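The sequence shown maps to residues 1 to 534 in UniProt numbering. The beta-carbon is built from N, C-alpha and C at its ideal position, and this holds for glycine as well. Owing to the predicted nature of the structure, the values given are computational and were not obtained by experimental measurement.
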Amino acid sequence: MQSFIGGLELSRRRHPLTACWPPDDRRHLMIPNYPACTASSHNSAQIQHRVREFLSAPIPSLPGDYYVSPTETAGNLPPTKRKAPGPDGIPTIAIKQLPRRAMVAMTRLFNGILRMGHFPACWKTGRVIAIPKAGKDPRLASSQRPITLLSHIAKLFERVLLRRLLRHLTPRQEQFGFRSGHSTMLQLARVLHHMAVEHNRGRRTVGVFLDIEKEFDRVWHSGLLYKLIENRIPPALVRTVASFLKDRDFYVTVEDATSDPRPIRAGVPQGSCLSPCLYAVYTDDIPTFTDQLQYWEEDVVLALYADDSAYLASSRRADLAADKLHRVLGLLPDWLDRWRVAVNVTKTAALLTGQQRAMPAKLRLRGQEVEWQTRVRHLGVQIDRSMRMAAQVEHVIHQSSTARSMLRPVLRSHLPLRAKVVLYKGYIRSRLTYAAPAWYAHCSISQKKRIQAQQNITLRMIAGAGRYVLNDVIARDFCIETVEEFIQRIARRMFDIADQGPYEFLRNMAPMQERSPSGRPLPRELIQTPSPKP
């Protein structure tokens with residue numbers, strides 16, 4: 001979407017931001033990837049024919065329990081009142097103040113949409129605002145982060161529609177993105193637990209971390225509708241989703257300048273609550289070795305979080321683990337071509353855990369080599385091949401110290417101490433402990449001391465304490481637990497919710513296992529084994 005913004009000409013006046021925008025940029029992010037071979041083109045034609053045939057057929061009526069009540073409409077209102085309005089200019093606070101008669105009228109409108117399978121055209125326009133990225137030239141389109149604002153009434157109906165779609169959709173268990181009871185920390189704990197367990201068994205793990213290009217912006221509409229049809233979704237709901245995706249457009253606003261509307265020919269809308277669910281359906285059948293293994297073979301481990309995808313394979317020998325991943329990467333191009341998904345091979349990374357003098361042959365995807373890396377960034381966490389999390393510790397210390405430097409004038413001001421502590425917890429400790437329940441157990445004692453030192457420095461700055469005041473005294477007076485105690489608390493809560501939740505796949509995730517003293521720690525050891533106080 002960013003490069004597409006570069007090709008827009010603002011209609012009211014020319015803004016300085018457009019001075020360096022390349023005139024040749026086109027809306028390639030709004031056009032699906034086209035099939036690269038004749039076989040894929042034939043499959044695409046069959047898929048499009050199936051979708052056209054389905055949409056042209058008469059629509060059976062929905063069962064009565066699919067229709068909306070005024071109570072459900074009111075219950076789906078967003079909890080927060082501070083939401084920027086969409087193109088219609090109606091804020092959420094205005095919708096919350098509507099009388100019951102207006103809510104009943106809105107419910108009748110929603111039921112009419114479900115009955116007719118027609119999404120109103122006035123709800124299909126998005127207003128895109130550009131937010132400059134920190135530390136980059138604001139005159140360049142690539143330095144802007146586009147945010148799409150949609151109608152809040154349309155988003156209210158999307159929540160209603162999503163609840164009905166979820167009755168029939170069950171994402172594969174490896175998908176942790178945008179699902180209740182799942183989280184980034186759980187997926188990271190699952191990945192790091194697998195690597196640590198295999199290392200303790202004397203096995204090598206090879207991971208491939210895919211970089212899917214513009215995944216949400218390039219979803220092929222016909223392919224998505226085909227998959228909804230194959231999932232036995234009620235035809236009226238599929239027709240509504242088809243209308244929701246068809247003939248969408250958007251315009252860009254920069255200060256008081258507005259561009260002409262431009263069409264969106266592919267992708268799921270940014271800012272819509274339906275988009276994550278639809279994307280999960282679209283990528284639900286990403287290939288593994290299921291039904292293609294011998295009885296003695298183990299399947300690869302697949303880790304999905306929205307568009308972040310990773311394959312893990314383990315074996316006694318690094319070359320055998322790499323060969324297994326080479327086989328699964330051989331299955332991937334057919335799936336990518338069939339569903340018009342693009343992978344940037346140059347940004348795709350491969351990681352081999354443990355010390356290896358001679359690296360296996362490079363993996364290949366679409367005829368290009370995947371480079372071996374000493375560390376990879378997955379879901380915001382730096383994972384190194386030794387799994388000692390040294391790169392991650394350096395990263396969080398740098399992030400927290402940078403935030404502290406920016407907040408230094410505020411932390412040394414005359415604000416109430418309670419307000420300063422809240423700022424520390426929200427802006428500094430959150431960076432210091434991001435996803436820590438998954439990786440903190442792998443840190444050494446010296447690394448944990450360095451992390452704790454960041455909290456000590458900040459609290460001393462807040463209190464203005466002299467050298468003679470102990471860190472423990474400051475923390476006690478502020479009623480702040482140590483960093484390790486805080487991480488243990490949120491880790492215990494994370495595992496308790498997973499163990500007691502309705503998802504069997506999450507129960508007893510990353511279980512405790514016996515290991516030698518020299519083995520790699522496991523994530524659950526953080527809450528079951530007391531660690532030395534840093």
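Which residue's Cα is closest to the Cα of residue 480: 462, 53, 334? If you number the sequence shown from 1, residue 480 lands on position 480. The closest CA to that of residue 480, considering only 462, 53, 334, is found on 462.
With which residues is residue 372 paired in a DSSP beta bridge? As a position in the sequence shown, residue 372 is number 372, starting the count at 1. Answer by DSSP bridge pairing, in chain order: 350.
Which value, in whole angstroms, describes the spacing of the CA atoms of residue 113 and residue 494? Within the sequence shown, numbered from 1, the residue matching residue 113 stands at position 113. Within the sequence shown, numbered from 1, the residue matching residue 494 stands at position 494. Taken atom to atom, the span from the alpha-carbon of residue 113 to that of residue 494 is near 39 angstroms.
Would residue 431 pass as a contact of residue 400 if the rule is Cβ separation under 8 angstroms? On the sequence shown, position 431 is the one that residue 431 refers to. On the sequence shown, position 400 is the one that residue 400 refers to. Yes, the Cβ-Cβ distance between residue 431 and residue 400 is below 8 angstroms.
Separation of residue 124 from residue 53, as counted between CA atoms: The count along the sequence shown starts at 1 and reaches residue 53 at position 53. The count along the sequence shown starts at 1 and reaches residue 124 at position 124. In a straight line, the C-alpha of residue 53 is about 24 angstroms away from that of residue 124.
Cutting at 7 angstroms between CB atoms, please list the residues of its own chain near residue 454, excluding the five before and the five after it. For the purposes of this step, residue 454 is taken as the residue at position 454 of the sequence shown. Result list for residue 454: 397, 400, 401, 432, in chain order.
Measure from the alpha carbon of residue 271 to the alpha carbon of each residue in 155, 303, 188, then state which is nearest. Here residue 271 refers to the residue found at position 271 when the sequence shown is read from its first residue. Looking only at 155, 303, 188, the smallest Cα-Cα distance to residue 271 is reached by 155.
Within a Cβ cutoff of 8 angstroms, which residues of the same chain sit near residue 469, ignoring the five residues on either side of it in sequence? Here residue 469 corresponds to residue number 469 of the sequence shown, with the count starting at 1. Once the five neighbours on either side are set aside, the close Cβ partners of residue 469 are 460, 463.
Extent of the continuous beta strand (DSSP E) to which residue 249 belongs: For this step, residue 249 is matched to residue 249 along the sequence shown. Start and end: 248-254.
Is it right to say residue 101 is buried, meaning 16 or more other beta carbons lie within 10 angstroms of its own, or is it exposed? Within the sequence shown, numbered from 1, the residue matching residue 101 stands at position 101. It is exposed - the Cβ of residue 101 has fewer than 16 other Cβ atoms within 10 Å.
From residue 260 to residue 212, what does the alpha carbon distance come to, in whole angstroms? Working through the sequence shown from its first residue, we reach residue 260 at position 260. Working through the sequence shown from its first residue, we reach residue 212 at position 212. Between residue 260 and residue 212, the C-alpha separation is close to 30 angstroms.
Residue 346: buried (16+ other C-beta within 10 angstroms of its C-beta) or exposed? Residue mapping note: residue 346 aligns to position 346 of the sequence shown, counting from 1. Counting other Cβ atoms within 10 Å of its Cβ, residue 346 stays below 16 and is therefore classed as exposed.
Does DSSP put residue 28 in a helix, a strand or coil? Locating residue 28 in the sequence shown gives position 28, counting from the first residue. Per-residue confidence for residue 28 stands at a pLDDT of 39, beneath the threshold of 50, marking its modelled position as unreliable; no derived number is given.
If contacts are defined as beta-carbon pairs under 8 angstroms, then residue 311 and residue 207 qualify, I think. What distance do you get, rounded to the angstrom? By 1-based counting over the sequence shown, the position of residue 311 is 311. By 1-based counting over the sequence shown, the position of residue 207 is 207. Going by Cβ atoms, the distance from residue 311 to residue 207 rounds to 7 angstroms, so yes, they are a contact pair.
Of the listed residues 149, 187, 170, nearest to residue 232 (C-alpha basis): Within the sequence shown, numbered from 1, the residue matching residue 232 stands at position 232. The shortest Cα separation from residue 232 among 149, 187, 170 belongs to 170.
In whole angstroms, what separates the C-alpha of residue 84 from that of residue 264? As a working note, residue 84 is residue 84 in the sequence shown. As a working note, residue 264 is residue 264 in the sequence shown. C-alpha separation (whole angstroms): 22 angstroms.
State buried or exposed for residue 601, treating a residue as buried only when at least 16 other CB atoms are found within 10 Å of its CB. Because the chain is modelled from 1 through 534, residue 601 falls outside the range shown and cannot be assessed.
Just checking, does the segment 355-372 make contact with the segment 161-181 on the three C-beta pairs under 8 angstroms criterion? The segment 355-372 vs the segment 161-181: no contact.
Exposure label - residue 250; buried when at least 16 CB within 10 Å: For the purposes of this step, residue 250 is identified with residue 250 of the sequence shown, where counting begins at 1. Its Cβ being crowded by 16 or more others within 10 Å, residue 250 is buried.
Using a Cβ-Cβ cut-off of 7 angstroms (strictly less than) and excluding sequence neighbours within five positions of residue 164, which residues of its own chain qualify? For the purposes of this step, residue 164 is taken as residue 164 along the sequence shown, with counting starting at 1. Once the five neighbours on either side are set aside, the close Cβ partners of residue 164 are 66, 237.
4 or more residues per run - each alpha helix (DSSP H) lying fully within the segment 69-128: Those alpha helix (DSSP H) runs which fall completely within the segment 69-128 and span 4+ residues are 70-75, 92-96, 100-116.
Check residue 360 in the structure and name its three-state DSSP category. Mapped onto the sequence shown, residue 360 falls at position 360. Three-state result, residue 360: coil.
With DSSP run on the structure shown, which of helix, strand or coil describes residue 21? In the sequence shown, residue 21 corresponds to position 21, counting from 1. For residue 21, the predicted structure reports a pLDDT of 39, less than 50, and the residue's modelled location is therefore unreliable. A value from the coordinates is still provided. In the structure shown, residue 21 adopts coil according to DSSP, grouped into three states.
Reduced DSSP category for residue 411 - H, G, I as helix; E, B as strand; rest coil: Working through the sequence shown from its first residue, we reach residue 411 at position 411. Residue 411 falls in the helix class under three-state DSSP.
Do you know how far the Cα of residue 131 is from the Cα of residue 142? Position 142 of the sequence shown, counted from the first residue, corresponds to residue 142. Position 131 of the sequence shown, counted from the first residue, corresponds to residue 131. A direct Cα-Cα distance of roughly 11 angstroms separates residue 142 from residue 131.
When DSSP labels each residue in this structure, what does residue 156 get in the three-state scheme? To locate residue 156, count along the sequence shown from 1; it is residue 156. Residue state, collapsed to three classes: helix.
If you draw a straight line from the alpha carbon of residue 359 to that of residue 339, how long is it in whole angstroms? By one-based count along the sequence shown, residue 359 stands at place 359. By one-based count along the sequence shown, residue 339 stands at place 339. When only Cα atoms are considered, residue 359 and residue 339 end up about 33 angstroms apart.
Excluding the 5 residues preceding and the 5 following residue 194 in the sequence, name in chain order all residues of the same chain whose CB lies nearer than 8 angstroms to its CB. Here residue 194 refers to the residue found at position 194 of the sequence shown. For residue 194, the CB contacts under 8 angstroms within the same chain, skipping 5 residues up- and downstream, are 205, 301, 312, 314 in chain order.
For residue 556, count neighbouring C-beta atoms within 10 Å of its own C-beta (all shown protein chains included) and say buried if the count is 16 or more, exposed if not. Coverage of the chain is limited to positions 1 through 534, which leaves residue 556 absent and any answer about it impossible.
Helix, strand or coil for residue 240, going by three-state DSSP, please let me know. Sequence index remark: in the sequence shown, residue 240 carries index 240 (1-based). Shown here, residue 240 sits in a helix according to DSSP, grouped into three states.
Can you tell which of 136, 322, 220 has the C-alpha that lies nearest to the C-alpha of residue 353? On the sequence shown, residue 353 is found 353 positions in, with the first residue counted as 1. Taking the Cα of residue 353 as reference, the smallest distance to any Cα among 136, 322, 220 is reached at 322.
Environment of residue 245 [buried if 16+ CB atoms lie within 10 Å]: As a first step, residue 245 is located in the sequence shown; it is residue number 245 there, counting from the start. By the 16-neighbour rule on beta-carbons within 10 angstroms, residue 245 is buried.
How about residue 187 and residue 280: are their beta carbons less than 8 angstroms apart? Indexing the sequence shown from 1 puts residue 187 at position 187. Indexing the sequence shown from 1 puts residue 280 at position 280. Result no, Cβ atoms of residue 187 and residue 280 do not sit closer than 8 angstroms.
Checking 8 angstroms against the spacing of the C-beta atoms, do residue 242 and residue 510 come in under that value? Reading the sequence shown from its first residue, position 242 is the one you call residue 242. Reading the sequence shown from its first residue, position 510 is the one you call residue 510. The beta carbons of residue 242 and residue 510 sit no closer together than 8 angstroms.
Can you tell me where the alpha helix (DSSP H) holding residue 458 begins and where it ends? By 1-based counting over the sequence shown, the position of residue 458 is 458. Run containing residue 458: 445-463, per the alpha helix (DSSP H) assignment.
Between the Cα of residue 68 and those of 135, 158, 90, spot the shortest distance and give me the residue it belongs to. Here residue 68 refers to the residue found at position 68 of the sequence shown. Just measuring C-alpha positions, the residue of 135, 158, 90 sitting nearest residue 68 is 158.
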